[in-house]
Amino acid sequence: MNSALQRSLEAGSLTLTAEVMPPRGGDPSETLAMAECLRGRVHAINVTDGSRAVMRMCSLAVCRLLIDAGLEPVLQVAGRDRNRIGLQADLLGAHALGIRNVLCLTGDPVRAGDQSSVRSVHELESVRLLQQVSAFNRGEDPVKDRLADGPTNLFAGTAADPHCASWSGLSRRLTRKREAGARFVQTQMVMDPRSLERFCRDLADPLELPVLAGVFLLKSARNARFINRVVPGACIPNHLIDRLDQADDPMDEGIAIAAEQVRQFSGIAQGVHLMAVKAEQRIPEVLDRAGVSLPVL
Numbered sequence: 139m140n141s142a143l144q145r146s147l148e149a150g151s152l153t154l155t156a157e158v159m160p161p162r163g164g165d166p167s168e169t170l171a172m173a174e175c176l177r178g179r180v181h182a183i184n185v186t187d188g189s190r191a192v193m194r195m196c197s198l199a200v201c202r203l204l205i206d207a208g209l210e211p212v213l214q215v216a217g218r219d220r221n222r223i224g225l226q227a228d229l230l231g232a233h234a235l236g237i238r239n240v241l242c243l244t245g246d247p248v249r250a251g252d253q254s255s256v257r258s259v260h261e262l263e264s265v266r267l268l269q270q271v272s273a274f275n276r277g278e279d280p281v282k283d284r285l286a287d288g289p290t291n292l293f294a295g296t297a298a299d300p301h302c303a304s305w306s307g308l309s310r311r312l313t314r315k316r317e318a319g320a321r322f323v324q325t326q327m328v329m330d331p332r333s334l335e336r337f338c339r340d341l342a343d344p345l346e347l348p349v350l351a352g353v354f355l356l357k358s359a360r361n362a363r364f365i366n367r368v369v370p371g372a373c374i375p376n377h378l379i380d381r382l383d384q385a386d387d388p389m390d391e392g393i394a395i396a397a398e399q400v401r402q403f404s405g406i407a408q409g410v411h412l413m414a415v416k417a418e419q420r421i422p423e424v425l426d427r428a429g430v431s432l433p434v435l
């Protein structure tokens, strides 16, 4: 059976996703509690894979725990940390564990992390990772021609940044990802609706790629400046930082900004992807203020 995320996107319905980070340790209870706050509010919940090149529990384990809790996960898989055999094993394992949604990523550079001696692998970056998912979905074994137990059923997506400085490069890479098997796009945080509109109209729509626009919950001006400094590709504009700086309650202002973006972006893209690091419990309030609820399939 196809996932709820796949069914919603293929039906052309408003689609909502959010994300949680695995714990930096062996106890998943806090991550699961954050995910529980999203029950009934989003179609699926992404589980990050070594985001910002920082050690955390594997995404695969948390995804299975979400399934056990009756929640639908999106397995993020980054090519940075594992070789081809390791990634192939994870993809086959995901299928065996009942995980149906996969977001294929290259991975943040290790220089963004906190372990300076770490080395990247990058045998498979996002395009080749998508190609591998597609091959498994066709039942292909990389050595023995056919998988002994038949094809996998993995719904693969990719990430993109509508604010990318090289529009031609973004276009070429998105086309390659679509040809490799990407079925949907979740964007990085979007701060300029005009860039999102151009991205959807000129790039994603002609490729028949549904887009979920990234909305990031900013908790304070300090938080926004920190993100600009450490998150690759982030560029939160000064006028939003000023709003947070001048607010009596910065978190409430951040929720208001996110709700405005949800309303605006939902009219441009097919839906939104909500990110609220260590504040996932505030996502329902963002959606309530935006007047957005989960469509019934």
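Residue numbers (our numbering): 139 to 435. Backbone N, C-alpha and C fix where the C-beta goes; we use that ideal spot for every residue, glycine too. Note that the structure is a prediction, hence the values are computed from the model and not measured.
Under three-state DSSP, which class holds residue i?
i	result
Cys201	helix
Leu230	helix
Gln408	coil
Phe364	helix
Val192	coil
Ile183	strand
Phe337	helix
Ala87	Because the chain is modelled from 139 through 435, residue 87 falls outside the range shown and cannot be assessed.
Asp299	coil
Arg332	helix
Leu435	Unreliable placement is indicated for Leu435, whose pLDDT of 47 sits below 50; no coordinate value is reported for it.
Glu346	coil
Glu418	helix
Once you ignore the five residues that flank residue i on each side, which residues in its own chain have a CB closer than 6 Å to its CB?
i	result
Ala191	Asp246, Val248, Ala250 and Gly251
Leu225	Leu262
Asp383	Ala359
Leu412	Ala156, Val353 and Ile421
Ser431	none
Asn221	Val259 and Glu261
Asp287	none
Straight-line CA distance for residue i to residue j?
i	j	result
Leu435	Ala149	Its pLDDT being 47, under 50, Leu435 is placed unreliably by the model, and the measurement read from it follows with that caveat. Looking at the two C-alpha atoms, the distance is approximately 9 Å.
Thr153	Leu143	7 Å
Ala182	Asp206	14 Å
Ala385	Phe322	36 Å
Leu268	Thr296	8 Å
Arg284	Thr290	12 Å
Gly429	Gly277	43 Å
Val369	Asn361	11 Å
Gly163	Ser197	13 Å
Gly231	Asp387	45 Å
Ile237	Met389	34 Å
Val158	Cys302	25 Å
Leu312	Leu209	29 Å
Considering residue i, what are the terminal residues of the alpha helix (DSSP H) in which it resides?
i	result
Met389	Pro388 to Ser404
Leu307	According to the sequence shown, residue 307 is Gly rather than Leu. Trp305 to Ala318 is the extent of the alpha helix (DSSP H) around Gly307.
Phe274	Ser264 to Asn275
Met172	Ser167 to Glu174
Leu209	Run containing Leu209: none; DSSP gives neither H nor E here.
Ile379	Asn376 to Gln384
Leu421	Rather than Leu, the amino acid found at residue 421 in this sequence is Ile. First-last of the alpha helix (DSSP H) with Ile421: Ile421 to Ala428.
Leu154	No alpha helix (DSSP H) contains Leu154, which is instead part of the beta strand (DSSP E) from Thr153 to Val158.
Ala250	Element bounds for Ala250: n/a, residue is neither H nor E.
Taking Cβ to Cβ, would you say residue i is nearer than 8 Å to residue j?
i	j	result
Asp187	Ala156	no
Pro280	Asn239	no
Arg218	Val259	yes
Ala414	Leu355	yes
Arg420	Ile393	yes
Ile379	Arg363	yes
Arg314	Val265	yes
Asn140	Phe274	no
Ala173	Leu213	no
Ala318	Ser272	yes
Leu341	Ala320	no
Give every residue of the same chain whose Cβ lies closer than 8 Å to the Cβ of residue i, excluding the five residues on either side of it in the sequence, and list them in chain order.
i	result
Asp299	Leu308, Thr325, Gln326 and Gly371
Phe403	Val328, Pro331, Leu334, Ala351, Val353 and Val410
Pro160	Pro166, Thr169, Val185, Thr186, Arg194, Met195, Cys196, Ser197, Ala199 and Val200
Arg401	Ala428, Gly429 and Val430
With a threshold of 7 Å on Cβ separation, who are the neighbours of residue i within its own chain once the five nearest residues in sequence on each side are excluded?
i	result
Ala397	Val424, Arg427 and Ala428
Ala417	Leu355 and Lys357
Leu176	Ala156, Ile183, Glu418 and Ile421
Ile365	Ala372 and Ile374
Need the endpoints of the beta strand (DSSP E) that residue i sits in, please.
i	result
Ala372	First-last for Ala372: undefined, no H or E at that position.
Leu147	Here Leu147 belongs to no beta strand (DSSP E); instead the alpha helix (DSSP H) covers Ala142 to Glu148.
Met327	Val323 to Met327
Leu350	Val349 to Phe354
Asn221	Unbroken run through Asn221: none, as it is neither H nor E.
Leu241	Asn239 to Leu243
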